[in-house]
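Enquirer: Listed in order, the protein sequences are those of chains A and B.
Per my numbering, the first sequence starts with residue -1, numbered consecutively.
Per my numbering, the second sequence starts with residue 226, numbered consecutively.
The structure's right below; bear with me while I get my questions together.
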Amino acid sequence: MPGWIRASTMPEPAPVSATAERSVVRELIAFASRTPLSAVGAIVGLLIVAIALGANWVAPLDPLKTNFRRMNHEPDAQSLFGTDQVGRDTLSRVIHGARTSLFVAFAAVLLGTTVGSLWGVACGYLGGRFDLASQRIMEILQSFPDLILAMAISMAIGTGLPAVIVAIAITRIPFGGRVIRSVAITVREMAYVEAGRASGASAFRIMRLHVLPQCVAPYLVLASTHLGVAIVIEAALGFLGVGVPPPTPTWGNMLADSITGLVPRWWLVLFPGLAITITVLAFNLLGDGIRDTLDPRLSPGFLRLVTGSGRGAATATPTRAPSLQENRTGA
Amino acid sequence: MRKYLARRALFALGTLIGVSLIIFVVLRILPGDPLVAILGVEGHARMTKEDRVRIMHDLGLSDPLPVQYVHWLRDIATGKLGKSFFRGDTVADLILHRGPISAEIGILALIVSWLVGLPVGIVSAVKPNSSLDNIARSLAILFIAIPGFWLGMLIVLALLFWFGYKSPLIIVHVWQSPWQNLQIVIGPAIVLGLAQGAYIARMARSCLLEVIREDYVRTARAKGVVERRVVLGHALPNALLPVITISGVLLGFVLGGSVAVEQAFGVPGLGRALVTAVIERDIIVVQNLVLLYAAIFVVVNLLVDLSYAWLDPRIHYA
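Dropping the structure here:
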């Protein structure tokens, strides 16, 4: 982990040179020994990303090629995960499905968290009526259950790949907005921001040069913790038949296909679901580790209190975020 | 206190109006003619222009958008909720017929989540980092990662292989045959409850660990109260508030998740009606059902907020 990230979590920027000397490798080793499960998550996650990127080389067969001589075939040496109703190789489809599912999840989380974060910076720094109105909009967005909002949006704008990405991204906006807003509010009161204001810097310049850098750590935490959710939403949309349209293999589509036959075949249900579970598990573990390392303030309790929907009473409630120490023992 | 109640309720109402506006706007920017969606391209082409105008008028889709929105609000106020494009029944009928099943699933899931999550959380917190605690936390991590609908599919598959299980085709209400009704709702309820229970166990554990360090717990121990009573009587009540909050937030997962889980189990609940309507592009049904789901979410979270005042005497509302 580069030194600038560590520096950015501190209230006052620490001298960078002191931490920057430690090499990235040593930081990674420190990360792995502190949170070994997260390291496992990172390795598995990287492996899945690599498989997804290299799907064309890794997959034994063409995921779209039908073979009517081998329909609904049980797993055997020729096709390790069996074949589906039209004889397509399940293993190849799971591998290519990784590509679509991960692409959608990464793009949606990046888009949603970025838009939400920029919005949150503006809300927190500018305050006033703009903030008030924005908070109401985010509250309204959070009043929808994620999956249902994503369904309605993807119904409205079509069911192509971009539509699914936008639909999932919109459900992520308020989370980024609320967390980053609270960071921006704290930073706004800092002496160096005041100094910037006093020397006549524009609001835009202060947000860009002083507030945004402080939001990098919480941004990374948010993005990494929401990857798993995005993957599940994408799979659920596909499963319900409102996701990325077939024949594109996605894990959700494969699960939807698996129950169209009269007799569901176990291998068609098991393998795509296992792929989802392992991927979500890996990203969740990695996200937890990143959260504990970068920003202990963003532990589950704190996050829930900040992001919980319509938490009017939260301010009146004693904040009970699980402490740092406890997060370290957890994982 | 009464003033606070009124303000919060008004706030929630404002949120719901915002929700309805967003639903309305999102669903009216749908590309394409709703008539094409209803009749198919051929059917649409075969109709005369007058027929098209008449049907659009009957559906209330030819009015200007603000008028349509006001009509919708009026329909909600009078409880009529408009008609499905494809079926004769009104959306209100649909909700009354299918709603109870989904509501049962939701409530049962909530009960399951507390029955599973709370004891596990307590056991974890009493002996942190013991092997029991580690097993519990690993299971929690696992159940948070497993998509509910896939777990549902696996269960259905297993039941099919070993017991010749078939998805319920018709709705059996609890007042008609409690036993058959239970068979329909128990699967989805357990699947949804386990995932929530994992979050609840986590939250209960971390809050209890925090509370157990407090002075009054030490005092209770010092004066010789049995450990069981210390944990359940002194520590637990003070650790419960965040758990209740999280249970309210988790309702969003349950409401959304139940849509997919109902599909997995083949339960003919409200969630499946929503999925069908989305696929058929049945705007009237979708807008009302989405609003209903959001309204439940908002109201339950309002109740959670209000319960704070009742549960925690330290909190005073101006």
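Glycine residues also receive a C-beta, built at the ideal position from the N, C-alpha and C atoms.
1) So residue 82 of chain A packs on residue 255 of chain A, CB below 8 Å; how close in whole Å?
2) Is any beta-carbon of chain B found at less than 8 Å from that of residue 223 of chain A?
3) Anyone know if the C-beta pair for residue 182 of chain A and residue 110 of chain A falls short of 8 Å?
4) Helix, strand or coil for residue 60 of chain A per DSSP?
5) Roughly how many whole angstroms lie between the Cα atoms of residue 350 of chain B and residue 34 of chain A?
6) Pick out the complete alpha helix (DSSP H) segments inside the segment 85 to 124 of chain A, 4 residues or longer, and give them in chain order.
7) Straight-line CA distance for residue 312 of chain A to residue 135 of chain A?
8) Once you ignore the five residues that flank residue 415 of chain B on each side, which residues in its own chain have a CB closer than 7 Å to its CB?
9) Let's test the definition: count the other Cβ atoms within 10 Å of the Cβ of residue 489 of chain B and tell me whether it reaches 16, buried, or not, exposed.
10) Helix, strand or coil for residue 81 of chain A per DSSP?
11) Kindly say whether residue 378 of chain B, judged by its beta-carbon, lies nearer than 8 Å to any beta-carbon of chain A.
12) Can you give me the C-alpha to C-alpha distance between residue 279 of chain A and residue 46 of chain A, rounded to a whole angstrom?
13) May I ask you to report which of helix, strand or coil DSSP gives residue 258 of chain A?
14) Is there a Cβ of chain B sitting closer than 8 Å to that of residue 299 of chain A, yes or no?
15) So the alpha helix (DSSP H) residue 42 of chain A belongs to, where does it begin and stop?
16) At the 8 Å Cβ level, is residue 523 of chain B part of the contact set with chain A, yes or no?
17) Does the beta carbon of residue 117 of chain A sit closer than 8 Å to a beta carbon anywhere in chain B?
18) Under 9 Å between beta-carbons, which chain B residues line up against residue 289 of chain A? List them in chain order, please.
19) Measure how close the beta-carbons of residue 479 of chain B and residue 331 of chain B come, nearest whole angstrom, since I'm counting them as under 8 Å.
20) Taking three-plus beta-carbon pairs below 8 Å as touching, is the segment 186 to 198 of chain A in contact with the segment 223 to 236 of chain A?
21) Quick one, are the C-beta atoms of residue 502 of chain B and residue 517 of chain B less than 8 Å apart?
22) Pop quiz: residue 290 of chain B and residue 520 of chain B are said to be a contact at Cβ under 8 Å. What is the actual Cβ separation, rounded to whole angstroms?
23) Apart from the five residues on each side of it in sequence, which residues of its chain come closer than 8 Å, Cβ to Cβ, to residue 357 of chain B?
24) If you draw a straight line from the C-alpha of residue 525 of chain B to the C-alpha of residue 43 of chain A, how long is it?
25) Since residue 435 of chain B is in the alpha helix (DSSP H), which residue starts that stretch and which ends it?
26) For residue 276 of chain A, collect the residues of the same chain with a Cβ closer than 8 Å to its Cβ; drop the 5 residues on either side in sequence, then sort them by chain order.
27) Which two residues bound the contiguous alpha helix (DSSP H) that contains residue 344 of chain B?
28) Excluding the five sequence neighbours on either side, which residues of its own chain have a C-beta within less than 6 Å of the C-beta of residue 217 of chain A, listed in chain order?
29) What first and last residue would you give for the alpha helix (DSSP H) that runs through residue 160 of chain A?
30) Relative to the alpha-carbon of residue 591 of chain B, which residue among A:245, A:121, A:237 has its alpha-carbon at the smallest distance?
31) Grouping DSSP H, G and I as helix and E and B as strand, with all else coil, what is residue 308 of chain B?
32) At a CB distance below 9 Å, what residues from the segment 139 to 157 of chain A approach chain B? Give them in sequence order.
33) State the DSSP-derived secondary structure class of residue 296 of chain B, mapped to helix, strand or coil.
34) Report the option in A:133, A:194, A:95 whose CA atom is closest to the CA atom of residue 52 of chain A.
35) For the pair the segment 54 to 74 of chain A and the segment 86 to 100 of chain A, tell me if three or more CB-CB distances fall below 8 Å.
36) 8 Å is my cut-off, CB to CB: does residue 265 of chain A come that close to chain B?
Expert: Concretely, from the data shown:
1) The sequence position of residue 82 of chain A within the first sequence is 84, counting from 1. The sequence position of residue 255 of chain A within the first sequence is 257, counting from 1. About 6 Å separates the two Cβ atoms, so the contact holds.
2) Here residue 223 of chain A refers to the residue found at position 225 when the first sequence is read from its first residue. It does not; no Cβ of chain B falls within 8 Å.
3) Here residue 182 of chain A refers to the residue found at position 184 when the first sequence is read from its first residue. Here residue 110 of chain A refers to the residue found at position 112 when the first sequence is read from its first residue. Against a cut-off of 8 Å, the Cβ pair of residue 110 of chain A and residue 182 of chain A comes out as no contact.
4) Within the first sequence, numbered from 1, the residue matching residue 60 of chain A stands at position 62. Here DSSP, grouped into helix, strand and coil, assigns residue 60 of chain A to coil.
5) Against the second sequence, residue 350 of chain B aligns to sequence position 125. Against the first sequence, residue 34 of chain A aligns to sequence position 36. A direct Cα-to-Cα measurement between residue 350 of chain B and residue 34 of chain A gives close to 22 Å.
6) Listed in chain order, the complete alpha helix (DSSP H) runs (minimum 4 residues) inside the segment 85 to 124 of chain A are 88 to 124.
7) What you label residue 312 of chain A is simply residue 314 of the first sequence in a count that begins at 1. What you label residue 135 of chain A is simply residue 137 of the first sequence in a count that begins at 1. Residue confidence is low: residue 312 of chain A scores 34 on pLDDT, short of 50, so the model does not pin down where it sits. Its coordinate-derived value is still stated next. Residue 312 of chain A and residue 135 of chain A have their C-alpha atoms spaced approximately 18 Å apart.
8) If you number the second sequence from 1, residue 415 of chain B lands on position 190. Same-chain partners within the cutoff: 337.
9) Translated into the one-based positions of the second sequence, residue 489 of chain B becomes position 264. It counts as buried.
10) Numbered from its first residue, the first sequence carries residue 81 of chain A at position 83. In the three-state DSSP reduction, residue 81 of chain A falls in the strand class (E or B).
11) As a working note, residue 378 of chain B is residue 153 in the second sequence. Closer than 8 Å to the CB of residue 378 of chain B there is at least one CB belonging to chain A.
12) For the purposes of this step, residue 279 of chain A is identified with residue 281 of the first sequence, where counting begins at 1. For the purposes of this step, residue 46 of chain A is identified with residue 48 of the first sequence, where counting begins at 1. Each residue's Cα considered, the two are about 12 Å apart.
13) Walking along the first sequence from the start, residue 258 of chain A turns up at place 260. In the structure shown, residue 258 of chain A adopts coil according to DSSP, grouped into three states.
14) The count along the first sequence starts at 1 and reaches residue 299 of chain A at position 301. Unreliable placement is indicated for residue 299 of chain A, whose pLDDT of 46 sits below 50; no coordinate value is reported for it.
15) Along the first sequence, one-based indexing puts residue 42 of chain A at 44. Per DSSP, residue 42 of chain A belongs to the alpha helix (DSSP H) from 34 to 51.
16) The residue you call residue 523 of chain B lines up with position 298 of the second sequence. Under the Cβ criterion of 8 Å, residue 523 of chain B is counted among the residues facing chain A.
17) In the first sequence, counting from the first residue as 1, residue 117 of chain A sits at position 119. At least 8 Å separates the CB of residue 117 of chain A from every CB of chain B.
18) Counting from 1 along the first sequence, the entry for residue 289 of chain A is found at position 291. At a beta-carbon threshold of 9 Å, none of the residues of chain B lie near residue 289 of chain A; the nearest stands roughly 14 Å away.
19) Within the second sequence, the letter at position 254 stands for residue 479 of chain B. Within the second sequence, the letter at position 106 stands for residue 331 of chain B. Contact flag correct, Cβ pair sits at about 6 Å.
20) Short answer: they don't touch.
21) The count along the second sequence starts at 1 and reaches residue 502 of chain B at position 277. The count along the second sequence starts at 1 and reaches residue 517 of chain B at position 292. No, Cβ-Cβ distance for residue 502 of chain B and residue 517 of chain B is not below 8 Å.
22) Taking the first residue of the second sequence as position 1, residue 290 of chain B is located at position 65. Taking the first residue of the second sequence as position 1, residue 520 of chain B is located at position 295. Residue 520 of chain B and residue 290 of chain B do not touch by the CB rule: their CB atoms are close to 22 Å apart, not below 8 Å.
23) Along the second sequence, read from residue 1 onward, the residue named residue 357 of chain B stands at position 132. Residues of the same chain with a CB within less than 8 Å of the CB of residue 357 of chain B, apart from the 5 flanking positions on each side, are 348, 349 in chain order.
24) As a working mapping, residue 525 of chain B is identified with position 300 in the second sequence. As a working mapping, residue 43 of chain A is identified with position 45 in the first sequence. When rounded, the distance between both Cα atoms is 36 Å.
25) Walking along the second sequence from the start, residue 435 of chain B turns up at place 210. Its alpha helix (DSSP H) spans residues 403 to 437.
26) In the first sequence, residue 276 of chain A corresponds to position 278, counting from 1. Excluding sequence neighbours, residue 276 of chain A sits near 42, 46.
27) As a first step, residue 344 of chain B is located in the second sequence; it is residue number 119 there, counting from the start. 316 to 351 is the extent of the alpha helix (DSSP H) around residue 344 of chain B.
28) Here the question's residue 217 of chain A lines up with position 219 in the first sequence. Only 115 meet the Cβ criterion.
29) Residue mapping note: residue 160 of chain A aligns to position 162 of the first sequence, counting from 1. Start and end: 159 to 186.
30) The structure shown does not extend to residue 591 of chain B, since chain B is modelled only from 226 to 543, so the question has no answer here.
31) In the second sequence, residue 308 of chain B corresponds to position 83, counting from 1. Strand.
32) Cβ contacts with chain B come from 139, 140, 141, 142, 143, 144, 145, 146, 147, 148, 149, 150, 151, 152, 153, 154, 155, 156.
33) As a working mapping, residue 296 of chain B is identified with position 71 in the second sequence. Helix, per DSSP.
34) For the purposes of this step, residue 52 of chain A is taken as residue 54 along the first sequence, with counting starting at 1. With distances taken between CA atoms, residue 52 of chain A lies nearest to A:95 out of A:133, A:194, A:95.
35) They touch, by the three-pair rule.
36) Sequence index remark: in the first sequence, residue 265 of chain A carries index 267 (1-based). Output row for residue 265 of chain A: interface = no.
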